[in-house]
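Same order as they appear, the protein sequences are chains A and B. Numbering of the first sequence is given in this note's numbering, commencing with residue 1015 and proceeding in unit increments. Numbering of the second sequence is given in this note's numbering, commencing with residue 1015 and proceeding in unit increments. To start, the structure under review is shown below, and the notes come after it.
2 protein chains.
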Amino acid sequence: MPTDDAPTPPATRRRRTDAQRNEQALLAAAARLFAASGVNAPIREIAADAGVGVGTIYRHFPTRADLVVAVYRYQVDECAELSTRLLAGPASPEAALHQWVWAFVDFLVTKHGLADLLRPDSDNMGALHDYFLDRLVPACAALLDAARSAGEVRADVTAYEFLRGVGNLCIGGTDDARYDPRRLVDLVLLGLGTDR
Amino acid sequence: MPTDDAPTPPATRRRRTDAQRNEQALLAAAARLFAASGVNAPIREIAADAGVGVGTIYRHFPTRADLVVAVYRYQVDECAELSTRLLAGPASPEAALHQWVWAFVDFLVTKHGLADLLRPDSDNMGALHDYFLDRLVPACAALLDAARSAGEVRADVTAYEFLRGVGNLCIGGTDDARYDPRRLVDLVLLGLGTDR
DNA sequence: GAAGATACGGAACAAGGTTCCGTTTTACAA
DNA sequence: TTGTAAAACGGAACCTTGTTCCGTATCTTC
């Protein structure tokens, strides 16, 4: 069978360059608008900013949620990896957990409106909820388990509910000077601890 | 000036009976739909259920938020009054605070989607946010102050941020068996305490 | 019963997400 | 180089939701 000895001769047509270019343009435009006016920037504006029609957005990102995920994927992954790095570091498990939570909160608070979309039924944002939690629940669970093993944290909290709680606390965290999510999160961390 | 000796002769025309009837019908329909499918039931459905046109809804309730407030006003007021009752009761200030918070959480969790609307900028729900907080912040502050005076609670939390935090924790509390707001709220209460 | 104030219904508008489809562009091979 | 089919494109159009407007119907009052 002398059919496939060449180094991957494009058995499949290669991706069109305009498609690649547009995807990049869309990601850039979305990142720009999300930063400037929050994650709720209308699809039409993103398309316009990228110099592209709405149809094109939907070919690349079937849903608004997918676009949001694509924009933040890197940072979410990084947050997940931070967990392993902290666990390998010198800090106590509880300290590691705290540092991780603070980083997570910073991330959410920085992105206007992101926290709103984290709940399971946020309109059609299911994909977003899924991606975030698929990546972050294990990361958080590792930290939580370590702290639990060290007897530094209560046993009766799951990573999922803890993450959702922290996420919820971040909702609306930038619209209102009277409300600072971090203070509430710290209260939760305090309640979580077994010390004192 | 012998002009106003009669016992309030309708100096002003009395309210039309159809208007009164419709307002009641609307409140009933809204309560019904809110209970059945959450606070996000579309205006048109409420109007249809009440046997009334959409225009009529807006004459009685200038905004969706006003309708929601009207439906829940009684329960919010009751929640506010619970505060005074608890403070006058035999429980310690901290215990009173806890009981009040649990009642508040029960209220929010029971009403699908209500907690979502509590943040300041929830689309056009400003009226709702205002009413809830105008009533509940003082109630909560009283409990918090009492517990603080008794040295049972940390000093560095305001009633506003505490309420918003608890409210946020209740978001999405019924859509997902894996997330129970009450556990997180209890963690906050634990962190708030000075005991142990 | 007439008159005028009040309230009503629902078409129409705005804004947002999403779908559809005729047209254009591109990759590949002859 | 050029022909051709696959792949992408643009943007009008659709749907849903909140809200506004105004011609019409219904009450209250005298």
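Built from N, CA and C at the ideal position, the CB exists for glycine as well. Because the structure is a prediction, the values reported are computed rather than measured.
Open item on the list: Quick check: is the beta carbon of A:I1057 nearer than 8 angstroms to any beta carbon in chain B?
Closed with: As a working note, residue 1057 of chain A is residue 43 in the first sequence. So no, A:I1057 is outside the interface.
Task: Candidates A:Y1086, A:L1147 and A:R1192, of which the one nearest B:A1173 by Cα - done: As a position in the second sequence, residue 1173 of chain B is number 159, starting the count at 1. The candidate whose alpha carbon is nearest that of B:A1173 is A:R1192.
Open item on the list: Using a Cβ-Cβ cutoff of 9 angstroms, what residues of the region 1141-1175 of chain A are near chain B? List them in chain order.
Closed with: Interface annotation for the region 1141-1175 of chain A against chain B: R1168, D1170, V1171, T1172, Y1174 and E1175, criterion Cβ-Cβ distance under 9 angstroms.
Open item on the list: Just verifying my parser: in three-state terms, what is the DSSP assignment at A:G1207?
Closed with: Within the first sequence, the letter at position 193 stands for residue 1207 of chain A. Residue state for A:G1207 is assigned as strand, using DSSP reduced to three classes.
Task: Buried or exposed by the 16-neighbour rule on C-beta atoms within 10 Å, applied to B:D1137 - done: As a working note, residue 1137 of chain B is residue 123 in the second sequence. Within a 10 Å sphere around the beta-carbon of B:D1137 sit fewer than 16 other beta-carbons, which makes this residue exposed.
Task: Through-space distance from A:V1171 to B:L1041, alpha-carbon basis - done: Looking up residue 1041 of chain B in the second sequence gives position 27. Looking up residue 1171 of chain A in the first sequence gives position 157. Taking the straight line joining both Cα atoms gives about 40 angstroms.
- [ ] With a threshold of 16 other CB atoms inside 10 Å of the CB of A:Y1088, please say whether the residue is buried or exposed.
- [x] The sequence position of residue 1088 of chain A within the first sequence is 74, counting from 1. Exposed.
TODO: Determine the direct distance from the alpha carbon of B:V1119 to that of A:L1204, and round the result to whole angstroms.
DONE: Counting from one through the first sequence, the residue named residue 1204 of chain A turns up at place 190. Counting from one through the second sequence, the residue named residue 1119 of chain B turns up at place 105. Their Cα atoms are separated by approximately 20 angstroms.
Task: Proximal residues to A:D1080 (C-beta, below 7 angstroms), its chain only, five neighbours per side dropped - done: What you label residue 1080 of chain A is simply residue 66 of the first sequence in a count that begins at 1. Around A:D1080: A1141.
Open item on the list: Is the beta carbon of B:F1176 closer than 8 angstroms to that of B:L1158?
Closed with: For the purposes of this step, residue 1158 of chain B is taken as the residue at position 144 of the second sequence. For the purposes of this step, residue 1176 of chain B is taken as the residue at position 162 of the second sequence. Yes, Cβ-Cβ distance for B:L1158 and B:F1176 is below 8 angstroms.
TODO: Check whether the region 1046-1065 of chain B touches the region 1102-1120 of chain B, counting contact only when three or more Cβ pairs, one atom from each stretch, lie closer than 8 angstroms.
DONE: The region 1046-1065 of chain B, when compared against the region 1102-1120 of chain B, does not touch it at the 8 angstroms Cβ threshold.
Task: chain A contacts made by the region 1186-1199 of chain B, where a contact means CB separation under 7 angstroms - done: When CB distances to chain A are screened at a threshold of 7 angstroms, the residues of the region 1186-1199 of chain B falling below it are G1186, D1189, D1190, R1192, Y1193, D1194, R1197 and L1198, in chain order.
Task: Partner residues on chain A for B:N1182, Cβ-Cβ distance less than 7 angstroms - done: Within the second sequence, the letter at position 168 stands for residue 1182 of chain B. Contact of B:N1182 with chain A by beta-carbon distance below 7 angstroms involves N1182, L1183 and I1185.
Open item on the list: Classify B:R1226: buried if its beta carbon has 16 or more other beta carbons within 10 angstroms, exposed otherwise.
Closed with: Examination of residue 1226 of chain B is not possible in this model, given that chain B is present from 1015 through 1210 alone.
Task: Option nearest B:A1133 by Cα separation, candidates B:D1194, B:F1048 and B:I1185 - done: Within the second sequence, numbered from 1, the residue matching residue 1133 of chain B stands at position 119. Reading the sequence as shown, one finds Arg at residue 1133 of chain B and not Ala. The option with the nearest alpha carbon to B:R1133 is B:I1185.
- [ ] Excluding the 5 residues preceding and the 5 following A:A1064 in the sequence, name in chain order all residues of the same chain whose CB lies nearer than 6 angstroms to its CB.
- [x] Residue mapping note: residue 1064 of chain A aligns to position 50 of the first sequence, counting from 1. Excluding sequence neighbours, A:A1064 sits near A1039, L1040 and A1043.
- [ ] Identify, in the order they occur along the chain, each residue of the same chain with its Cβ nearer than 7 angstroms to the Cβ of B:G1052, setting aside the five sequence neighbours on each side.
- [x] Within the second sequence, numbered from 1, the residue matching residue 1052 of chain B stands at position 38. Beyond the five residues adjoining it in sequence on each side, B:G1052 comes within less than 7 angstroms, by CB distance, of H1126 and G1127 in the same chain, given in chain order.
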